[in-house]
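For reference, the structure is listed below as C-alpha cells.
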C-alpha cells in the first residue's frame, strides 16, 4: 500500500463523519467506518476491524471527556454498568469458541430490531417526561438507592435542569451484560444496547444515556484492542487518520448533541439500530445459507 | 453554581465525591486524547512526506513492535515508531481512567465504588491474561 494524501484524506473524512454521528448517539460508529475502509479504501477486513476498534477508543476519549466536562455522563452509573459489560465481553469471547456465529447474529438482530422499534415508538416520551419532571418520580430499587444512582444535567434544547433517579438495576445489568457479549462475540453493537438499557429500562434520560455510553465503550474497545495489538493486526498507518478523524468528529458532535431535542436523537438511534439488525441478518444468511443480501461491508 | 440552602450531610458528601472523580476522569481522558492525537499527527505527516510503501501484513506490523526496532525508531523520528507510541497511549487511556477513578473513590472513602471499579479492573486484567495465554 502506498501511503498517499488521497488514502489518508478518504479515511480521515469517513472517520470524521462516523465520529460525529457516534457522539450524537453514544455509539462507536464502527458500523460506518468499517464499510468505508473496506469498500472505498480496499483494506483487508481484519485491518479495518482492528482500526475501527482503536477509533472507538479515540471517539470515546474525545466524546466522553466532553460529556464528563458538561456533566452529562453519569460516572457512578458508568462504573456500575461496566461490571456487566466487561464480564459480558469476556464471556462473549469464550462463547465465540463454542457457538455458531449465525445463530448468535440472528438472536442479536431480533433484540436490536425490537429495541430499535421501541426507541422509535417512545421517541416523544423523553421530551414529555422532561417537561413534566417525571424522571425524578421513579422509585429507585434497593441496589440503586444503596449505590446512590441518581443525577442531574442541564438540557440545552429545553433550557432546563433535569433531575433523574435510577431504577431497574436488574434489567439494566442484564442488557448491559448482553451488550458486552455482543461486543466480545461479534465486535459490534455494544453502544446501542447500552444506550437502550439505560434509557428504556433504567429511567435514564436519553442524553445521559448517550453521554454515559460514550464513556463506557472506550473500556470495552480498549480490551479488544489490546488483543488485536498483540496479534499485530493494528496497522498504525491506517489507525492514525482514522483516530484523528473520529476525534475531530466526536468533538464536533458533542458540541451539537445537547442542543438537539431528545426525540430527534431517538429517531436517529432507531434508524441506526434497525440498520444494524438488518446488517446482522444479512451476515447470518450469508454465513449459513450463502444467501447474499445487499449490505455494506459485511 | 449556587450552594443549596439546606445541604443535608449525605447529599453534600455525594457532590464532593463526584467533583473529585469527574475531575480525575476528565483529565485522564483529555491527556490521552491530546497526547495521542499530537503523536498521530506528527507520525502521519512524516510518513506522508516520505512517500513510504507500507506492507499491510501483520508480520510486518509485529516486526515493528520489537523493542530493538522501536527505541532506535523513536530516537530517529521514524513515523511508524511514533504512531505505535500514539496507539499504545490511546489504548491505555480508558484503562488508566478506571485506575485513577479507583484512587479518587478511595480518597473520598466511597468504598462501594472502590469495589465496583476494582471488579471492572479485575475483569479487564483477567480478559487480557486469558487472551494472551489461555484462549485462542
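Residue numbers (our numbering), protein chains in the order written: chain A, 1 to 298; chain B, 299 to 434. We treat Cβ as the ideally placed atom computed from N, Cα and C, and that holds for glycine. Note that the coordinates shown come from a computational prediction; the quantities given were computed from them, not determined experimentally.
Taking a Cβ-Cβ threshold of 7 Å, the residues of chain A close to residue 426 of chain B are 223 and 226, in chain order. Considering only A:44, A:42 and A:208, the residue with the shortest C-alpha distance to residue 71 of chain A is A:208. Taken atom to atom, the span from the alpha-carbon of residue 391 of chain B to that of residue 116 of chain A is near 31 Å.
For residue 243 of chain A, a Cβ of chain B is located within less than 8 Å of the residue's own Cβ. For the pair residue 327 of chain B and residue 430 of chain B, the CB atoms are not nearer than the 8 Å cut-off. DSSP links residue 160 of chain A through a beta bridge to A:155. The C-beta distance from residue 92 of chain A to residue 217 of chain A rounds to 14 Å, too long to fall under 8 Å, and the pair is not in contact. A residue is called buried when at least 16 other Cβ atoms come within 10 angstroms of its Cβ; residue 423 of chain B does not meet this threshold and is exposed. Taking 8 Å as the upper bound for CB-CB distance, residue 89 of chain A and residue 425 of chain B are in contact here, some 7 Å apart. Note: residue 351 of chain B is bridge-paired with A:2 in the DSSP secondary-structure output.
For residue 80 of chain A, the enclosing alpha helix (DSSP H) begins and ends at 75-98.
Identification of chain A residues near residue 320 of chain B by a Cβ-Cβ cut-off of 9 Å yields 68, 69, 71, 73 and 75, ordered along the chain. Annotation: the continuous alpha helix (DSSP H) that includes residue 276 of chain A extends over 262-289. Within a 10 Å sphere around the beta-carbon of residue 237 of chain A sit 16 or more other beta-carbons, which makes this residue buried. At a Cβ-Cβ threshold of 8 Å, residue 19 of chain A and residue 246 of chain A count as neighbours. Collapsing the DSSP output to three states places residue 128 of chain A in a helix.
Counting the other CB atoms within 10 Å of its CB gives residue 9 of chain A a total below 16, which places it among the exposed residues. At a cut-off of 8 Å between C-beta atoms, residue 430 of chain B counts as an interface residue with respect to chain A.
Its chain contains 27, 112, 272, 273 and 276 as the residues whose beta carbon lies nearer than 7 Å to that of residue 192 of chain A, once the 5 sequence neighbours on both sides are disregarded; these appear in chain order. Straight-line spacing of the CA atoms in residue 78 of chain A and residue 3 of chain A works out to 39 Å.
Residue environment analysis places residue 251 of chain A among the buried positions, since at least 16 neighbouring C-beta atoms fall within 10 angstroms of its C-beta. Classified as buried, residue 235 of chain A has 16 or more neighbouring CB atoms from the shown chains inside 10 Å of its CB.
Around residue 421 of chain B, the beta-carbon contacts reaching into chain A at under 7 Å are 86, 87 and 90.
The CB of residue 10 of chain A never comes closer than 7 Å to any CB in chain B; the least such distance is about 13 Å. Taking CB atoms only, residue 367 of chain B has no neighbour in chain A less than 8 Å away.
Contact annotation for residue 83 of chain A against chain B: 414, 417 and 418 [CB-CB distance below 7 Å, chain order]. Within the stretch 341-368 of chain B, the residues whose Cβ lies closer than 9 Å to any Cβ of chain A are, in chain order, 341, 342, 345, 346, 348, 349, 350, 351, 352, 353, 354, 355, 356, 357, 358, 359, 360, 361, 362 and 363.
The beta-carbon of residue 58 of chain A is placed less than 8 Å from the nearest beta-carbon of chain B.
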